[in-house]
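Below is one structure, written out as structure tokens; comments come after it.
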Amino acid sequence: PARGEPVLSIDGVQKNFGGLVAVNRLSFQVEAGGILGLLGPNGAGKSTMFNLISGVLNASAGEIRFLGRRIDRLRSRAIASCGIARTFQHVKLVPSMTVLENAALGAHLRGRSGLVRSVLRLDRAEEARLLAEAAHQLERVGLWAQRDELAANLPLGQQRVLEIARALAVDPVVLLLDEPAAGLRYKEKQALAGLLLRLRDEGVAVLLVEHDMDFILGITDRLVVMHYGQKLAEGAPRDVQANADVQLAYLGA
Ligand code: ADP
Ligand code: MG
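Going by the UniProt record's numbering, the sequence shown opens with residue 338, and the numbers climb by one from there.
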């Protein structure tokens, strides 16, 4: 898709958990070649929205389209293999596996199901393909030097980058990142921001969930602010930041 074209369209999406409306008739679009920030206080419905896009949850109402095609009834594996990759709010690496092996776990999603050869029951050719793809992604994100370290031994900032490498292995059109900067040190946040800008420039559309305003303002092209499941504001980061409703939701009053 060309820069600025919508790749992901969220149209009137709603999610109820019993009597709680976690996502309330939300509509927005993610465009190719951009970084869209989904901002909102805790409990606003951001992770739920991610779970709806990635097929972890089914919407109660509304439609989600990827490159024009309805995806809101597909299973999460089908959604991932069609080009929508995600990371989770809490790191989901296999701590006892190496960096390279963790990255390879992402590569298998593209082709077939299952974990690296013994776990995945792959033949040697398939294993070699996954490891080569994983090596490529580690180089892309700057983790090649750490390939043989155990994931558990990486600092949090590099664990987050490894999760991104794993997500990239499916060669996604859209990358969904749930609070990738949470808990990171200043230098780690800067490195992450640099990586996300580079991925954007390579043509990956990024949807970034954050509640850290400073991080999100620095790298996004556009912001959607959620509050109690609804869209409170949308637009250029500077305008959104200046919006009185947004300030109220953040500062409370
Ligand atoms: P955010 O990611 O913006 O902090 P969430 O999407 O995690 O918010 O949660 C939005 C609301 O939905 C919260 O009130 C939360 O307690 C509720 N919620 C999230 N997941 C579930 C679930 N599986 N069952 C019931 N309530 C949920
Ligand atoms: Mg969340």
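Glycine included, each C-beta is placed from N, C-alpha and C at the ideal position.
Using C-beta distances below 8 Å, list every residue in its chain close to residue i, excluding the 5 sequence neighbours before and after it, in chain order.
i: K553; result: Position check: residue 553 holds Ile in this sequence, whereas Lys was assumed. Correct list, in chain order: G374, L376, L545, E547, L560, P574.
i: R477; result: A502, L505
i: V428; result: L493, Q496, R497, E500
i: residue 290; result: In the structure as shown, the chain starts at 338 and stops at 590, and residue 290 therefore has no counterpart that could be examined.
Below 7 Å CB to CB, which residues in the same chain sit around residue i once its five sequence neighbours on both sides are set aside?
i: V358; result: Q351, G566
i: D582; result: L569, A570
i: P509; result: G420, I421, A422, V541
First and last residue of the alpha helix (DSSP H) that includes residue i?
i: N388; result: 383 to 390
i: G506; result: Gly is not the amino acid found at residue 506; the sequence shown has Ala there. It is not in any alpha helix (DSSP H) - A506 carries neither H nor E in the DSSP assignment.
i: P536; result: Note that residue 536 is Leu in the sequence shown, not Pro. Run containing L536: 523 to 538, per the alpha helix (DSSP H) assignment.
i: R461; result: 461 to 478
i: A415; result: 413 to 418
i: D551; result: 550 to 556
Would you list the residues sitting across from residue i in a DSSP beta bridge?
i: P432; result: None, per the DSSP bridge assignment.
i: P343; result: E368
i: I401; result: I347
i: M563; result: K568
i: N353; result: V358
i: R406; result: F403
i: G374; result: L545, L560
i: L487; result: T435
i: L363; result: V350
For residue i, I'd like the list of residues in its chain whose CB is within less than 6 Å of its CB, leaving aside the five on either flank, ordered along the chain.
i: R449; result: With a pLDDT of 42 at R449, under the threshold of 50, the predicted position of this residue should be treated as unreliable, and no value is reported.
i: T385; result: K352, A359, V360
i: S364; result: I347, D348, G349
i: D549; result: A518
i: V541; result: L512
i: T557; result: I372, G374, P574
i: W481; result: L475
So is residue i buried or exposed if we call it buried at 16+ other beta carbons inside 10 Å?
i: L533; result: buried
i: L512; result: buried
i: Q584; result: exposed
i: S391; result: buried
i: A381; result: buried
i: F354; result: exposed
i: H564; result: buried
i: D409; result: buried
i: E470; result: buried
i: E539; result: exposed
i: N379; result: exposed
i: N388; result: buried
i: K383; result: buried
i: A488; result: buried
i: P432; result: exposed
i: D515; result: buried
i: R414; result: exposed
i: A465; result: exposed
i: A440; result: buried
i: D576; result: exposed
i: R537; result: buried
i: G341; result: exposed
Could you give the residue range of the beta strand (DSSP E) that holds residue i?
i: Q567; result: 567 to 572
i: V543; result: 542 to 547
i: I421; result: 421 to 423
i: D515; result: 511 to 515
Review point. Does the region 517 to 524 touch the region 494 to 501, meaning 3 or more C-beta pairs lie closer than 8 Å?
Key: yes
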